[in-house]
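Everything below concerns the one structure shown next.
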Amino acid sequence: MTAQKVPSDDKSIPAKPRRPGRPRGGAINAQQREHLLDITLALYAENGIAETSLNAIARKAGVSPAMLNYYFQSRESLLDVVVEERFLPLRQRLEAHFDGDNCDPVTTFSGFIREIADIVMSNDWFAPLWMQEVTSGSHGLGQHIKSRYGHAGRDKVRALMVRWQEQGLLNAELNPDLLMTSILSMILVPFTRFANEPEFDTQRIVHHTLSLFCHGIRPVS
Numbered sequence: 004m005t006a007q008k009v010p011s012d013d014k015s016i017p018a019k020p021r022r023p024g025r026p027r028g029g030a031i032n033a034q035q036r037e038h039l040l041d042i043t044l045a046l047y048a049e050n051g052i053a054e055t056s057l058n059a060i061a062r063k064a065g066v067s068p069a070m071l072n073y074y075f076q077s078r079e080s081l082l083d084v085v086v087e088e089r090f091l092p093l094r095q096r097l098e099a100h101f102d103g104d105n106c107d108p109v110t111t112f113s114g115f116i117r118e119i120a121d122i123v124m125s126n127d128w129f130a131p132l133w134m135q136e137v138t139s140g141s142h143g144l145g146q147h148i149k150s151r152y153g154h155a156g157r158d159k160v161r162a163l164m165v166r167w168q169e170q171g172l173l174n175a176e177l178n179p180d181l182l183m184t185s186i187l188s189m190i191l192v193p194f195t196r197f198a199n200e201p202e203f204d205t206q207r208i209v210h211h212t213l214s215l216f217c218h219g220i221r222p223v224s
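Just so you know, the numbering used here puts the end of the sequence shown at 224, numbered straight through with nothing missing.
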């Protein structure tokens with residue numbers, strides 16, 4: 004006697020959604036990943052972070068948007084990776100000039116200015132990205148970093164400048180909240196303006212910035 008099959012009620016068991024798999028082409032290697040971050044930074048510097056989409060990055064890199072979504076999940080996640088791996092190490096290099104028992108503002112800021120120049124020459128996205136983002140105000144890169152990582156480093160530098168002013172080592176009329184932006188502007192604006200000029204000379208810009216910052220417009224005696 005053949006047993007009768009009991010019909011299954013397929014409608015009562017919801018089908019499990021298909022889990023998206025890895026995009027065709029296999030996993031990206033470390034070199035490809037770094038290339039994607041390079042392209043992302045180049046587009047950030049050219050168009051601004053807010054105007055750079057994952058689709059634009061994928062087109063520039065010659066990969067599918069699905070690949071970027073698979074490895075970086077979202078535009079915000081990709082920005083976090085870029086900040087953590089590319090921007091924060093540079094910020095730490097700059098903040099390191101204000102560590103330790105610093106008692107000479109001119110020496111400290113001179114090293115800081117030279118460090119900025121070295122970073123700009125080694126990272127061609129840095130100056131134009133800063134120029135893009137400094138005009139973004141509360142919606143730019145600075146606000147993103149503050150919300151994700153805080154501004155402990157900036158607060159430490161500000162406290163040092165205030166102490167220098169109290170000790171009579173730094174002009175008391177300078178505003179600590181404006182000084183760092185002013186110094187960055189003094190060197191990054193010329194770098195951005197003259198980067199493609201035939202007579203572009205890194206040392207001329209650094210020397211000009213140091214002279215302006217350390218001696219002002221008074222003739223050197």
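Where a beta carbon is used, it is the ideal one built from N, C-alpha and C, also for glycine.
Burial check for Leu181: the Cβ neighbour count within 10 Å stays below 16, so the residue is exposed.
Counting other Cβ atoms within 10 Å of its Cβ, Met124 stays below 16 and is therefore classed as exposed.
Contact annotation, Met183 with Thr212: C-beta distance approximately 14 Å; criterion of less than 8 Å not satisfied. Our two residues, Met134 and Val192, have alpha carbons roughly 8 Å apart in a direct line. With a contact defined as Cβ atoms closer than 8 Å, Pro108 and Leu40 miss out at about 35 Å. With distances taken between CA atoms, Gln76 lies nearest to Asn58 out of Leu163, Ala162, Asn58 and Tyr152. Check the Cα spacing between Leu187 and each of Phe115, Cys106 and Ala64: the tightest is with Phe115. When DSSP states are grouped into helix, strand and coil, Cys217 belongs to the helix group. Bounds of the alpha helix (DSSP H) holding Thr111 are Pro108 to Ser125.
In the pairwise beta carbon analysis, the segment 89-96 is classified as not touching the segment 58-69: fewer than three pairs are separated by under 8 Å. In the three-state reduction of the DSSP assignment, Thr195 falls in the helix class, which pools H, G and I. Ranked by how close their Cα comes to the Cα of Ser113, the residues Trp128, Leu97 and Phe203 have Leu97 in first place. Cα atoms of Ala45 and Trp128: separation of roughly 6 Å, rounded to the nearest angstrom. Judged by DSSP secondary structure, Asn72 falls within the alpha helix (DSSP H) whose first and last residues are Pro68 to Phe75.
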